[in-house]
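Working notes, beginning with the structure itself.
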Amino acid sequence: MALIDKLIAIADAIRGRTGDTELLTLGEMPAAISGIGSDASSFVDGTITEIRSETVTTACDYALYQKKNIETIYTPNLTTAGVYSFGYCSKLKNFTAPKLTTVTGNGIFCQCLLMESYNLPLLTYVPAYGWQANKALKSISLPAATDDINPYAFNQCFLLERAEFPKIDGVIYQNAFARCTVLTTLILGSPESTDIITLYDTNAFDLTPIAGGTGYIYVADSLVNSYKAATNWATYANQIRGLSELGTVYLGTSFTVTEELAGKNIYIMINRFDQDGYYNENGSYPSIAVSWNDGTDAGSFGDWGGSNKITEKILLNTAYSAYLSAGTTLTLQQYADFGELYFAYYEEGETE
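Numbering (this note's numbering), first residue to last: 178 to 529.
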């Protein structure tokens with residue numbers, strides 16, 4: 178191996194340990210090597226405030242449990258976490274792990290008191306005690322979560338107003354949302370859902386606006402009556418509504434513009450997940466377009482290529498308003514499995 182190749186290999190190894198991405202000169206390497214592990218004492222004595230690593234892919238059980246001074250965790254390639262991996266990080270304010278997919282046990286973010294929101298687009302599991310007592314959490318959306326919402330998952334999230342689980346299809350267990358005293362909007366499933374979720378115990382919503390008659394559970398319109406009659410759900414029958422009442426009106430992948438719709442702002446809504454629930458991290462999906470047919474003429478417009486955005490809304494009323502006249506049928510042309518791709522508009526008073 179030539180000397181230059183050896184130096185490049187050394188620099189790569191240093192960056193791999195430090196998580197840095199900047200190029201290193203020969204003169205900078207000694208200091209960089211000396212700095213590796215220099216924060217070990219602060220980690221041991223609990224004074225460390227920031228964790229940054231682009232190489233970490235797994236957080237073991239109790240990895241940062243009760244590290245009460247940590248404010249920032251930046252692990253962009255983390256995919257797996259264990260029991261209470263970040264539990265009781267009571268000063269944590271910033272958590273970045275967009276590839277986190279698998280959680281193997283309970284309490285991953287339990288008692289993270291200062292976290293107001295999470296960006297977890299790939300997380301498939303909602304563990305017991307997962308977000309319990311996240312007292313600053315205002316909203317949660319887990320677009321890839323399937324199966325169950327386990328016991329006490331969001332118990333005592335006192336500021337939680339909205340929770341959204343478009344793919345959930347299992348059981349909501351006891352006390353999952355109990356004592357979420359401002360929870361007014363709970364979204365379960367999508368317009369395409371065909372099965373109701375099981376409610377294990379009515380105490381899942383104890384001391385919430387849902388139990389008090391001022392909060393609502395939104396489900397597929399076709400399932401509203403089934404939910405209202407189902408075991409335990411019947412207790413909350415008056416609080417169960419169709420997703421169409423939520424403000425976003427889903428038009429599907431093809432629709433005909435009516436006189437009413439001609440006055441609406443029409444969007445293409447995109448959630449970029451493949452059929453197994455994984456985000457297309459490289460943004461390599463082929464383009465999408467819209468075909469149109471007004472009864473006398475036809476064609477297509479738009480050419481939106483691959484994007485690294487997880488979710489995206491494309492407004493048609495600006496550059497493509499000519500195709501939104503009454504009587505025209507619009508159909509999405511998707512050349513890859515985007516997971517979710519549909520037309521929608523917002524009811525009056527709603528915004529994008």
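Even glycine gets a Cβ: it sits at the ideal position worked out from N, Cα and C.
**Item:** For residue 330 and residue 432, the rounded distance between their alpha carbons
**Value:** 39 Å
**Request:** Could you check the C-alpha separation between residue 467 and residue 419 for me, to the nearest Å?
**Result:** Computed Cα separation, rounded: 28 Å.
**Request:** For my contact list, residue 314 and residue 341 are in at a C-beta cut-off of 8 Å; report their separation, rounded to the angstrom.
**Result:** Rounded, the Cβ-Cβ distance is 13 Å, inconsistent with contact.
**Message:** Please list the terminal residues of the continuous alpha helix (DSSP H) segment that includes residue 352.
**Reply:** First-last for residue 352: undefined, no H or E at that position.
**Prompt:** When the Cα of residue 385 is compared with those of 363, 226 and 500, which residue comes out closest?
**Reply:** 363
**Asked** Between which two residues does the alpha helix (DSSP H) containing residue 402 stretch?
**Response** 401-406
**Request:** Go ahead and label residue 212 buried or exposed: buried means 16 or more other beta carbons lie within 10 angstroms of its beta carbon, across all protein chains shown.
**Result:** For residue 212, the predicted structure reports a pLDDT of 49, less than 50, and the residue's modelled location is therefore unreliable. A value from the coordinates is still provided. Exposed, by the Cβ-count rule.
**For residue 510, three-class secondary structure by DSSP** = strand
**Prompt:** For the putative contact between residue 248 and residue 224, defined by C-beta atoms under 8 Å, what is the C-beta separation to the nearest angstrom?
**Reply:** 12 Å between Cβ atoms; not a contact.
**Asked** Hey, residue 321 and residue 298 are a contact pair by Cβ (cut 8 Å); roughly how many whole angstroms apart?
**Response** 6 Å
**Prompt:** Between which two residues does the alpha helix (DSSP H) harbouring residue 389 extend?
**Reply:** 386-389
**Prompt:** Of the choices 344, 430 and 510, whose alpha-carbon is the least far from that of residue 396?
**Reply:** Minimum Cα-Cα distance from residue 396 among the listed residues 344, 430 and 510 corresponds to 344.
**Item:** Under the three-state DSSP convention, the category residue 413 falls into
**Value:** helix
**Request:** Measure the Cβ-Cβ separation of residue 253 and residue 273 and say whether it is below 8 Å.
**Result:** yes
**Prompt:** Straight-line CA distance for residue 308 to residue 285?
**Reply:** Their Cα atoms are separated by approximately 7 Å.
**Prompt:** Pairing CB atoms from the stretch 487-505 with CB atoms from the stretch 411-429, are three or more of them under 8 Å?
**Reply:** Flag = no, the stretch 487-505 and the stretch 411-429 do not touch.
**Item:** Neighbour-count burial assignment, residue 510, 16 or more Cβ in a 10 Å radius
**Value:** exposed
**Asked** Does DSSP put residue 306 in a helix, a strand or coil?
**Response** coil
**Item:** Burial state of residue 237 (16 or more Cβ within 10 Å)
**Value:** exposed
**Message:** Looking at the secondary structure, which residues open and close the beta strand (DSSP E) in which residue 369 lies?
**Reply:** Element bounds for residue 369: n/a, residue is neither H nor E.
**Asked** Leaving out five residues before and five after residue 262 in sequence, what residues of the same chain have Cβ atoms less than 6 Å from its Cβ?
**Response** 236, 240 and 285
**Request:** Could you work out which residue in 359, 256 and 266 is closest to residue 393 when comparing CA atoms only?
**Result:** Of all alpha-carbon atoms in 359, 256 and 266, the one lying nearest the alpha-carbon of residue 393 is that of 359.
**Request:** Please name the residue, chosen from 474, 473, 472 and 496, that lies closest to residue 480 on a Cα-to-Cα basis.
**Result:** 496
**Asked** In the DSSP assignment, what are the bridge partners of residue 395?
**Response** Answer is 364 and 418, bridged to residue 395.
**Between the CA atoms of residue 474 and residue 387 - distance to the nearest angstrom** = Rounded to whole angstroms, residue 387 to residue 474 spans 50 Å at the Cα level.
**Asked** If we ignore side chains and look at the alpha-carbon of each, how far apart do residue 267 and residue 295 end up?
**Response** 15 Å
**Message:** Within a Cβ cutoff of 7 Å, which residues of the same chain sit near residue 521, ignoring the five residues on either side of it in sequence?
**Reply:** Residues 425, 426, 427, 428, 444 and 446 of the same chain have their beta carbon placed closer than 7 Å to that of residue 521, with the five preceding and five following residues left out of the count.
**Request:** Quick one: using the 10 Å Cβ neighbour count with 16 as the cut-off for buried, is residue 259 buried or exposed?
**Result:** buried
**Request:** Using three-state DSSP, classify residue 438 as helix, strand or coil.
**Result:** Three-state DSSP puts residue 438 in a helix.
**Message:** Measuring alpha carbon to alpha carbon, tell me which residue in 391, 310, 230 and 326 is nearest residue 416.
**Reply:** 391
**Best match in 430, 379, 412 and 506 for proximity to residue 436 [C-alpha to C-alpha]** = 506
**Prompt:** Which residue comes first and which comes last in the beta strand (DSSP E) that contains residue 431?
**Reply:** First-last of the beta strand (DSSP E) with residue 431: 431-433.
**Per DSSP, cross-strand counterpart(s) of residue 476** = 469
**Asked** Is residue 313 helix, strand or coil by DSSP?
**Response** coil
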